[in-house]
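Notes follow once the structure below has been shown.
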Amino acid sequence: MAMMPVNRMVDETPVTATGLDPESAWWLRVLAETGPPREAALARLHELLVRVARAEAARRGPRVRIAGPELDDLACQAAADALMAVTGKLGQFRGESRFTTWACKFAIFEVSAKIGRHFWRHPAVLLDAEDWDRLPDRFGFEPAREAEWRDLLAALRRAVDDELTARQREVFVAIVLNGVPLDALVLELGSNRNAIYKVLFDARRKLRSVLVANGYLRDDSSRNS
Amino acid sequence: MNDCPALDDFLRTDPRDVGCAQAMEMLHVYAELVAAGAPAEQQYPGIAAHLRACGPCGEDFAGLLAAVRGEAD
Chain A
1 MAMMPVNRMV
11 DETPVTATGL
21 DPESAWWLRV
31 LAETGPPREA
41 ALARLHELLV
51 RVARAEAARR
61 GPRVRIAGPE
71 LDDLACQAAA
81 DALMAVTGKL
91 GQFRGESRFT
101 TWACKFAIFE
111 VSAKIGRHFW
121 RHPAVLLDAE
131 DWDRLPDRFG
141 FEPAREAEWR
151 DLLAALRRAV
161 DDELTARQRE
171 VFVAIVLNGV
181 PLDALVLELG
191 SNRNAIYKVL
201 FDARRKLRSV
211 LVANGYLRDD
221 SSRNS
Chain B
226 MNDCPALDDF
236 LRTDPRDVGC
246 AQAMEMLHVY
256 AELVAAGAPA
266 EQQYPGIAAH
276 LRACGPCGED
286 FAGLLAAVRG
296 EAD
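Protein chains in written order, with my numbering: chain A, 1 to 225; chain B, 226 to 298.
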């Protein structure tokens, strides 16, 4: 994955590692060995990752409509892939957290990625469709007040058509109009989460700027400071 | 002028937002700070801004925080 923040001027990654806690040091030491101690540690780590992946899959399952053996299979695959990632990246662990927290992160990421893949098994939307009718509901526009938001929606649509680049428009339409999960779109476009988020970030900023300039939204940039 | 807070919030971007790659890189550190009650948002404002705006990273953070807090047990 490309390591490019949305804002290149911001870098909050610590440069130096802190000292390892005893348990994390044990994990690193034993996983670097060979033989039965390493095998036992791998089994213990796998057990942890399965537990975390199952909990995460269960947490997300209802929203993505996956359940039963399919959900458990997804969790077990995520744990297995996370174990591979952890053992392959041991040298990247900098001791800024407990080793197990760092390892669990990979289980969470793998569950995310697998749920994104699952979306395209039963896609409910077409990428080339544009469902503008879902916007009022998504953004809480009340039908009784349509006279107030009709012009705003029309202005937003004009800005999407006229101001966005083709890539920005493609991503905006898929995620905002058609409800495609960002992780699923990443797979469809052969991209990565950071790149697609950046495209949408730029599209959001551009659209808001146009709507503010034309008097549809308030210029209240102080809210973020 | 319209009063559409949900649309306004969605379109509003935070210049401190570090993006997905850096947030994912530091998610384990941020989750432990939050779990410990430390001022993670003050220490990593760019990651906090990102997690507020990015649904997928926010979901990952929620899952990792649950794991750190032992809710996975």
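The beta carbon of each residue, even a glycine, is placed where N, CA and C say it ideally should be.
Predicted model only: the values in this text are computed from it and were never measured.
- Out of Pro181/A, Arg204/A and Ala159/A, the CA that lies nearest to the CA of Arg63/A is found in Pro181/A.
- For Gly295/B, the secondary structure class from DSSP, reduced to helix, strand or coil, is coil.
- Against chain A, the CB of Glu266/B has no partner CB under 8 Å away; the residue lies outside that interface.
- Non-local beta-carbon contacts of Ser112/A in its own chain, meaning distances under 8 Å to residues more than five positions away in sequence, involve Asp183 in chain order.
- Here Leu236/B is not near Arg145/A, since their CB atoms are 8 Å or more apart.
- Val52/A has a beta carbon lying within less than 8 Å of a beta carbon in chain B.
- Boundaries of the alpha helix (DSSP H) harbouring Leu135/A: Leu135 to Arg138, taken from the DSSP string.
- At a C-beta separation below 7 Å, Val254/B has these neighbours in chain A: Glu96 and Ser97.
- Within the segment 18 to 103 of chain A, the runs of alpha helix (DSSP H) that reach at least 4 residues and sit entirely inside it are, in chain order, 22 to 31, 36 to 64 and 68 to 88.
- In this structure, the alpha-carbon of Cys76/A lies about 25 Å from that of Glu33/A.
- At a Cβ-Cβ threshold of 8 Å, Arg241/B and Gly280/B do not count as neighbours.
- For Phe109/A, the chain B residues whose C-beta falls within less than 8 Å of its own C-beta are Met249 and Asp285, listed in chain order.
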